[in-house]
Structure formats: C-alpha cells, structure tokens
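J.: Pasting in a structure now, in structure tokens, and then I'll have a few things to ask.
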Amino acid sequence: MSEVPAHRGLRLASVLSVIAQAEEDARHYDLLPGNRDRHAEAAQQADRCAETSRSLARRLIEDAFPGVSWAMIERAAL
C-alpha cells in the first residue's frame, strides 16, 4: 500500500528538519574549543547523519514524482 501524499510531505519535512539540525550540530562542534578530537568526531557523525538524511530526502522526492530524478532537479538548479 502506498503512503498517503500528506504523510509523504510530513515525512519529507521531518527529514529536512533533521538535515538542518545535523548541519547546525556539525558547525557547532567545529567551533567548540577544547578536545578537538572529540569535537571532530562529533562533527563527523553529524555530517554523516545529514548525508544519510539527504539521501532519504532525494528518494522521497524522486518517489513523489515518478520519472523525475535528482540529477534532473540539480540540472534545473532548483
């Protein structure tokens, strides 16, 4: 059974929120003084979370618009 369109929109909004928070976390850890190794690892984890979420967001968008690939969207510079 396919997902209700409104649920897809809410799911995408949630994923985009996770991306924004992960990017903010990565910037935060990059700027913290102190244990650079620990902060660098935390920033890397936040970057990985953001990248995983970007991949999911791309799939959600492509699934919502059959026949439209992420590469097409990038070429259109949206």
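Everything in the sequence shown is counted per this note's numbering, starting at 80 for the first residue and increasing by one. Cβ coordinates follow ideal geometry from the N, Cα and C atoms, glycine included.
(1) Does the beta-carbon distance from R87 to A136 come in below 8 Å?
(2) To the nearest angstrom, how far is it from the Cα of E23 to the Cα of M151?
(3) Only counting the same chain, and skipping five residues up and downstream in sequence, which positions put a Cβ closer than 6 Å to that of A101?
(4) Suppose contacts are defined by Cβ-Cβ distances below 8 Å. Is V94 in contact with S132 by that definition?
(5) Just to confirm, are R106 and L139 a CB contact at a threshold of 8 Å?
(6) Determine the contact status of Y108 and A121, defining contact as a CB-CB distance below 8 Å.
T.: Let me lay it out:
(1) Not in contact: R87 and A136 (Cβ atoms no closer than 8 Å).
(2) The requested residue 23 is not part of the displayed model; the chain covers only 80 to 157.
(3) So the list reads A125, C128 and A129, once near-sequence residues are dropped.
(4) Between V94 and S132, the gap from beta carbon to beta carbon is short of 8 Å.
(5) Against a cut-off of 8 Å, the Cβ pair of L139 and R106 comes out as no contact.
(6) At a Cβ-Cβ threshold of 8 Å, Y108 and A121 count as neighbours.
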